[in-house]
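*Asks:*
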Amino acid sequence: MILVTHSPPYGTEADYTGTKHIGSTSVKRFIEEVKPLLVCAGHAHEGRSITRLGRTMIVNAGPAKDGFCAIIEIEDSAVDPQLTTL
Numbered sequence: 006m007i008l009v010t011h012s013p014p015y016g017t018e019a020d021y022t023g024t025k026h027i028g029s030t031s032v033k034r035f036i037e038e039v040k041p042l043l044v045c046a047g048h049a050h051e052g053r054s055i056t057r058l059g060r061t062m063i064v065n066a067g068p069a070k071d072g073f074c075a076i077i078e079i080e081d082s083a084v085d086p087q088l089t090t091l
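Sequential numbering of the sequence shown, starting at 6, is according to the numbering used here.
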């Protein structure tokens with residue numbers, strides 16, 4: 006399963022603004038219960054990162070308006086994300 010959501014999970018690198026965490030506790034709970042392979046999220050522009058929550062890979066590509074994006078390859082349940090800039 007791949008989850009694409011606006012809000013990243015609370016308490017991770019993906020939701021950190023530099024001063025506080027602004028993610029969703031509901032998204033975090035869903036990830037902990039369902040254990041998707043990959044979560045792609047945004048919202049926290051400063052939270053540009055590749056991190057994990059349990060076995061789930063979490064990618065926040067950062068703000069597209071600044072040319073930030075992510076390329077994610079998946080093969081046999083192996084997730085290989087790369088942050089890049091256009």
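Glycine residues also receive a C-beta, built at the ideal position from the N, C-alpha and C atoms.
#1: Could you check whether Ala-46 and Ile-27 sit closer than 8 Å to each other, using their CB atoms as the reference points?
#2: Using a Cβ-Cβ cutoff of less than 7 Å, which residues in the same chain neighbour Asn-65 once the five nearest sequence positions on both sides are dropped?
#3: Taking 8 Å as the threshold (C-beta atoms), are Leu-91 and Ala-75 in contact?
#4: Using the rule of at least 16 other Cβ atoms within 10 Å of the residue's Cβ for burial, across every protein chain shown, is Thr-61 buried or exposed?
#5: Please classify Thr-3 as buried or exposed, where buried requires at least 16 other C-beta atoms within 10 Å of its C-beta.
*Replies:* Let's see:
#1: Cβ atoms of Ile-27 and Ala-46: not closer than 8 Å.
#2: Pro-13, Ala-19, Ala-46, Gly-47, Ala-49, Gly-52, Arg-53 and Ser-54
#3: no
#4: buried
#5: Outside the displayed span of the chain (6 to 91) sits residue 3, for which this structure offers no information.
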